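S.K.: One structure is given below, represented as C-alpha cells, and several questions about it will come after.
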Ligand code: ASP
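Numbering (my numbering), first residue to last: 27 to 306.
This is the structure:
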C-alpha cells in the first residue's frame with residue numbers, strides 16, 4: 027500500500043515561508059489520513075477521499091480556494107480513474123459545488139461519465155450535492171487586483187491498495203483569469219490516467235500537458251515495459267522540447283512511487299506506512 031499526493035505547481039517566489047510551512051503540515055496530515063483510509067478501503071475510494079481533503083483546504087487551487095476566471099466566475103474540473111477497470115469519470119467547468127471530485131466519483135456509476143458546465147451542476151444537484159460557493163476573499167482580492175497568481179495549486183492523488191490495484195484522482199480550479207469555456211487538462215487523459223500497470227496525475231500548464239499527453243504517455247510507456255523512471259524521463263524530455271511546464275506523480279504496479287517536475291516546482295507528499303517524503 028502506497029500513496030502520493032500533490033498540491034500543484036509553484037514558483038519559488040510566489041510562496042511565503044508561512045504558506046510553505048502551512049502546506050507542509052497540510053500535505054503531511056492529508057497523506058497520513060489518506061493512508062489510514064487506504065488500510066481499509068480501495069485505491070479508488072482512497073484517491074477520491076484524498077483529493078476531497080485537498081479540495082477542502084483553501085491553500086490549494088481546487089474546491090475551496092479555486093481561482094477565479096476572467097469573467098469573475100469560478101469553474102472547476104476534476105476526474106477520477108480506476109486502473110483496474112480503466113473507467114474514467116469527470117466534471118469539466120462545474121460551478122458551486124464543494125467537492126468536484128465527489129461528483130466525478132458519483133459519475134462512475136453512469137454510462138455518460140464526463141459531464142460539463144450546467145449539465146454537470148444539474149447532475150450534482152439531482153444527486154444531493156448542495157449549492158456551495160468555493161470562493162475565498164484572497165482569490166477575489168487577487169482577481170480584483172488583476173494579479174495573475176503565480177501559484178497553480180491543482181491537487182491530485184495516486185494510490186496502490188493492498189490488492190495491488192491502482193487509481194488516480196485530480197481536481198483543479200484552473201489556471202486563473204482564463205477565458206470562460208477554457209478546458210483544463212485535469213479531467214482529460216493527459217492530466218489524469220491509470221490502468222493496471224501505472225497511474226499518473228499532473229499539474230502545471232494545462233495546454234502543455236495536453237500537447238504532451240503527459241499522463242497517458244507515461245502510463246502507456248510503463249505498460250509497454252519501460253520503468254516508471256524512464257517513462258517519466260522520456261515524457262518530460264518531450265515536454266521540454268515543446269517548452270512545456272508540468273509536474274506529475276505516479277505509482278506503477280510494483281508499487282514504485284515516482285514524481286518529476288519541470289521548472290517551477292510541484293509540492294507533494296508520499297507515505298508508505300513508514301516513511302514520509304514531503305516537498306514544499
Ligand atoms: N493544470 C491546471 C490547468 O491548466 C492548472 C494547474 O495544474 O495548476 O487548468
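Just so it is clear, CB atoms sit at the ideal spot from N, CA and C, and this is done for glycine as well. Please read these numbers as outputs of a predicted model, since none were measured by experiment.
How is residue 75 classed by DSSP in three states: helix, strand or coil?
M.R.: Locating residue 75 in the chain shown gives position 49, counting from the first residue. DSSP places residue 75 in helix when its eight states are reduced to three.
S.K.: Classify residue 153 as buried or exposed, calling it buried when 16 or more other Cβ atoms lie within 10 Å of its own Cβ.
M.R.: Position 127 of the chain shown, counted from the first residue, corresponds to residue 153. Residue 153 counts as exposed, since fewer than 16 other beta carbons sit within 10 angstroms of its beta carbon.
S.K.: Is residue 90 close to the ligand ASP? I mean its beta-carbon at under 7 Å from any heavy atom of the ligand.
M.R.: In the chain shown, the residue the question calls residue 90 occupies position 64. Not under cutoff, so the answer is no.
S.K.: Buried or exposed, going by whether 16 or more other CB atoms sit within 10 Å of the CB of residue 206?
M.R.: The count along the chain shown starts at 1 and reaches residue 206 at position 180. By the 10 Å Cβ count, residue 206 comes out exposed.
S.K.: What residue ranges within the stretch 216 to 254 form continuous beta strand (DSSP E) runs of no fewer than 3 residues, ordered along the chain?
M.R.: 218 to 220 and 224 to 230
S.K.: Determine the direct distance from the alpha carbon of residue 214 to that of residue 247, and round the result to whole angstroms.
M.R.: Translated into the one-based positions of the chain shown, residue 247 becomes position 221. Translated into the one-based positions of the chain shown, residue 214 becomes position 188. Going from the Cα of residue 247 to the Cα of residue 214 covers about 18 Å.
S.K.: Report yes or no: do three or more beta-carbon pairs, one from the stretch 116 to 136 and one from the stretch 144 to 164, lie closer than 8 Å?
M.R.: yes
S.K.: Is it a yes or a no for the stretch 178 to 196 touching the stretch 63 to 74, going by three-plus beta-carbon pairs under 8 Å?
M.R.: The stretch 178 to 196 is in contact with the stretch 63 to 74.
S.K.: Could you tell me if the beta carbon of residue 258 falls within a distance shorter than 7 Å of some heavy atom in the ligand ASP?
M.R.: For this step, residue 258 is matched to residue 232 along the chain shown. Not so, every heavy atom of the ligand ASP lies at least 7 Å from the Cβ.
S.K.: Which residue from 228, 233 and 266 puts its Cα closest to that of residue 284?
M.R.: Sequence index remark: in the chain shown, residue 284 carries index 258 (1-based). Nearest option by C-alpha distance: 228.
S.K.: Does the distance from the CB of residue 273 to the CB of residue 260 come in under 8 Å?
M.R.: Residue numbering aside, residue 273 sits at position 247 when the chain shown is read from its first letter. Residue numbering aside, residue 260 sits at position 234 when the chain shown is read from its first letter. Against a cut-off of 8 Å, the Cβ pair of residue 260 and residue 273 comes out as no contact.
S.K.: Exposed or buried, residue 226, counting other C-beta atoms within 10 Å across all chains shown (16 or more means buried)?
M.R.: Taking the chain shown and counting its residues from 1, one reaches residue 226 at position 200. By the 10 Å Cβ count, residue 226 comes out buried.
S.K.: Helix, strand or coil for residue 257 per DSSP?
M.R.: In the chain shown, residue 257 corresponds to position 231, counting from 1. Of the three classes helix, strand and coil, the one that applies to residue 257 here is helix, per DSSP.
S.K.: Let me know the secondary structure DSSP gives residue 291 once reduced to three states.
M.R.: By one-based count along the chain shown, residue 291 stands at place 265. Three-state result, residue 291: strand.
S.K.: Compare the beta carbon distance of residue 160 and residue 90 with 8 Å and say whether it is the shorter of the two.
M.R.: As a first step, residue 160 is located in the chain shown; it is residue number 134 there, counting from the start. As a first step, residue 90 is located in the chain shown; it is residue number 64 there, counting from the start. Yes, they are a contact pair.
S.K.: Between the alpha carbons of residue 240 and residue 139, how many angstroms are there, rounded?
M.R.: In the chain shown, the residue the question calls residue 240 occupies position 214. In the chain shown, the residue the question calls residue 139 occupies position 113. Straight-line Cα distance between these residues: approximately 21 Å.
S.K.: Find out if the Cβ-Cβ distance for the pair residue 92, residue 106 is shorter than 8 Å.
M.R.: As a position in the chain shown, residue 92 is number 66, starting the count at 1. As a position in the chain shown, residue 106 is number 80, starting the count at 1. Not closer than 8 Å, so no.
S.K.: Note down, in chain order, each residue of its chain lying with its Cβ closer than 6 Å to the Cβ of residue 208, except the 5 sequence neighbours on either side.
M.R.: Sequence index remark: in the chain shown, residue 208 carries index 182 (1-based). Counting only Cβ-Cβ distances below 6 Å, and skipping sequence neighbours, we find nothing.
S.K.: Any heavy atom of the ligand ASP inside 7 Å of the beta-carbon of residue 231?
M.R.: Walking along the chain shown from the start, residue 231 turns up at place 205. Correct: residue 231 has its Cβ closer than 7 Å to the ligand ASP.
S.K.: Around the Cβ of residue 43, are there at least 16 other Cβ atoms within 10 angstroms (buried) or fewer (exposed)?
M.R.: By one-based count along the chain shown, residue 43 stands at place 17. Around the CB of residue 43, fewer than 16 other CB atoms lie within 10 Å, so the residue is classed as exposed.
S.K.: Span of the beta strand (DSSP E) holding residue 28?
M.R.: The count along the chain shown starts at 1 and reaches residue 28 at position 2. Residue 28 -> beta strand (DSSP E) spans 28 to 36.
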